[in-house]
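K.L.:
Numbering (the numbering used here), first residue to last: 7 to 155.
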């Protein structure tokens, strides 16, 4: 049986699409499935932010086929691990859980590694450098996750 991992940020256009693409590139697709979504429905059906697409491309990843979707209560049954990019989304995800089993699946992405921060900052309103910084943070966490999987 495949392990199913869900990456979650606010709008599912910047951080979680990168996390999906990065983790997919590090795991065996026959053993692990990775998806992403947002806690808000602002961008449902849209592609990731062009800056996320560009930074992913710079690192050899193609995330252009991803489409934004909103977190659903069914995701707690469908996924084994749910990673939030920051504390605000972590709280929003937990608020949708129906039981302790579902809540136990939810984790902060950066808690998988030892660094000075536990939140992946939202690069949406920042410059191009913010997307590269976010890529590097997510890449380190996904490397650690891939080794556990």
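C-beta: ideal position from N, C-alpha, C; glycine also.
Computed from a predicted structure; not experimentally measured.
Between which two residues does the alpha helix (DSSP H) holding residue 37 run?
P.N.:
Here residue 37 belongs to no alpha helix (DSSP H), and DSSP marks it neither H nor E.
K.L.:
Do residue 13 and residue 89 have their C-beta atoms closer together than 8 Å?
P.N.:
Cβ distance < 8 Å, so residue 13 and residue 89 count as in contact.
K.L.:
Check whether the Cβ atoms of residue 29 and residue 40 lie closer than 8 Å to each other.
P.N.:
Contact: yes.
K.L.:
Rounded to whole angstroms, what is the Cα-Cα separation between residue 146 and residue 105?
P.N.:
For residue 146 and residue 105, the distance between alpha carbons rounds to 30 Å.
K.L.:
Quick one: what's residue 89 bridged to in DSSP?
P.N.:
The partner list for residue 89 (beta bridge, DSSP) reads 13, 113.
K.L.:
Let's test the definition: count the other Cβ atoms within 10 Å of the Cβ of residue 37 and tell me whether it reaches 16, buried, or not, exposed.
P.N.:
By the 10 Å Cβ count, residue 37 comes out exposed.
K.L.:
Along the chain, where does the alpha helix (DSSP H) that runs through residue 133 open and close?
P.N.:
Here residue 133 belongs to no alpha helix (DSSP H), and DSSP marks it neither H nor E.
K.L.:
Since residue 100 and residue 109 are thought to touch, with beta carbons under 8 Å apart, how far apart are those beta carbons, to the nearest angstrom?
P.N.:
Yes, they are in contact, since the Cβ atoms of residue 100 and residue 109 sit about 6 Å apart, within 8 Å.
K.L.:
Where residue 35 and residue 11 are concerned, what is the direct C-alpha to C-alpha distance, given to the nearest angstrom?
P.N.:
Whole-angstrom Cα-Cα distance: 12 Å.
K.L.:
Would you identify the three-state DSSP class for residue 157, choosing helix, strand or coil?
P.N.:
One cannot answer for residue 157 here, as it falls past the ends of the chain, which runs 7 to 155.
K.L.:
Per DSSP, which residues does residue 27 bridge with? Please list them.
P.N.:
Residue 27 pairs with nothing; no bridge assigned.
K.L.:
Could you give the C-beta distance for residue 55 and residue 20, rounded to a whole number, given that I count them as a contact under 8 Å?
P.N.:
With 8 Å as the limit, residue 55 and residue 20 qualify as a contact, their Cβ atoms being about 5 Å apart.
K.L.:
Comparing alpha-carbon positions, which option in 60, 152, 43 lies nearest residue 79?
P.N.:
Out of 60, 152, 43, 43 has the C-alpha closest to the C-alpha of residue 79.
K.L.:
Using C-beta distances below 8 Å, list every residue in its chain close to residue 81, excluding the 5 sequence neighbours before and after it, in chain order.
P.N.:
Closer than 8 Å at Cβ, skipping near neighbours: 12, 43, 88.
K.L.:
In this structure, how does DSSP classify residue 76 when only helix, strand and coil are distinguished?
P.N.:
Three-state DSSP puts residue 76 in a strand.
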